[in-house]
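This report concerns only the one structure given below.
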Amino acid sequence: MIDRPTTVTRNTIALHRMRIRLGFCWLLTLFAGQLQAQTRPPAEATTAPSITQIQWSRQADGYRLGQTVTVRCPPYGTAGTVWGSDIYTADSSICTAAVHAGVITFEAGGNVVLQMKPGLGSYMGTFRNGVETLQYGSWNSSFSVAAYVPPPPPPPAAPPPPPPVISWRRNAVGLSPNGRRFTFVCKPPAERATVHGVDLYSWESSICTAAVHAGVIKLERGGLVTIEMRPGLEQYAGSVRNAVTSTEGSQTILGFVFVRAETGRTQPDRN
201 MIDRPTTVTR NTIALHRMRI RLGFCWLLTL FAGQLQAQTR PPAEATTAPS
251 ITQIQWSRQA DGYRLGQTVT VRCPPYGTAG TVWGSDIYTA DSSICTAAVH
301 AGVITFEAGG NVVLQMKPGL GSYMGTFRNG VETLQYGSWN SSFSVAAYVP
351 PPPPPPAAPP PPPPVISWRR NAVGLSPNGR RFTFVCKPPA ERATVHGVDL
401 YSWESSICTA AVHAGVIKLE RGGLVTIEMR PGLEQYAGSV RNAVTSTEGS
451 QTILGFVFVR AETGRTQPDR N
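Mapping of the sequence shown onto this note's numbering: position 94 corresponds to residue 294, and the numbering continues sequentially without gaps.
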């Protein structure tokens, strides 16, 4: 005697069959998508965000009235049929009409500005630039072509403002945060002021006088200095350099060092 399948077994078999059907449907869908991709005509290449490359056989009847577009005709084009002069029927070859209008040449191709216009009651045929256009009667839409003028380049960025001229008594108190750089002009005549520190100076120090102490500028000439804020020290040492005496100083929140503007490196230590 053969046992009949239980309910669980029947459900398992049904589920297995359903999975097979779903897999088969998925394969059919995948195959159909691949076939459609293979048979679909290639899209027109876009050479710039607002300039679409077209073929020389492309007509203008796909554009709407009043629309202005810029297209690119590739070089070494083949002439197509054109009806009209200056104003062309919408079913004319855009690129060939552009050659007729003197906008581009067959050899070089180029960018063309196309503007859609209402249809005319008649179109006149002429021979220009090696292209003979045909005459025609009434047509429902038209276009004209013009040379493409690229937009002007953006204006150059405004130069940064000149560094401020500071007094020889100006210190760095309040300049922050740590790591930020500031550039100043120390203008002669010099006026010695208080300096605390060696190489790393207290922010209570005169910026210009410290620059002389560090060998960045000279007392008699002054000049351009760039400082970089650094964490302060608990105690600042003093020394005599370049006819400037720096004294010992107490703890400050921040200090500063001098950096070379062209390289960004700090000035070397001087012992």
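A virtual CB, placed ideally from N, CA and C, is assigned to each residue, including glycine.
Please read all numbers here as calculations on a predicted model, not as lab measurements.
Counting only the Cα atoms, Y348 lies some 21 Å from P355.
Ranked by Cα distance from A301, the first of A346, G321, V269, P360 is A346. Nearest to A390 by alpha-carbon distance, out of P274, T305, S367, is S367.
Residue state for V282 is assigned as coil, using DSSP reduced to three classes. In the three-state reduction of the DSSP assignment, A298 falls in the helix class. As the crow flies, the alpha-carbon of Q435 is around 5 Å from that of Q451. Burial is judged here by how many other beta carbons sit within 10 angstroms of a residue's own beta carbon; I453 has fewer than 16 and is exposed. Restricting attention to Y288, P275, P274, G449, the CA atom closest to the CA of A260 is found in Y288. In the three-state reduction of the DSSP assignment, T426 falls in the strand class, which pools E and B.
Our two residues, P388 and I427, have alpha carbons roughly 19 Å apart in a direct line.
For the pair I251 and T270, the CB atoms are nearer than the 8 Å cut-off. The residue among C386, A411, P352 with its C-alpha nearest the C-alpha of P362 is C386.
Residue nearest to T383 within the set C408, P359, E404 is C408 (criterion: CA-CA distance). Close CB contacts of T278 within its chain, under the 7 Å cut and outside five residues either way in sequence, are with W256 (chain order).
When DSSP states are grouped into helix, strand and coil, A346 belongs to the strand group.
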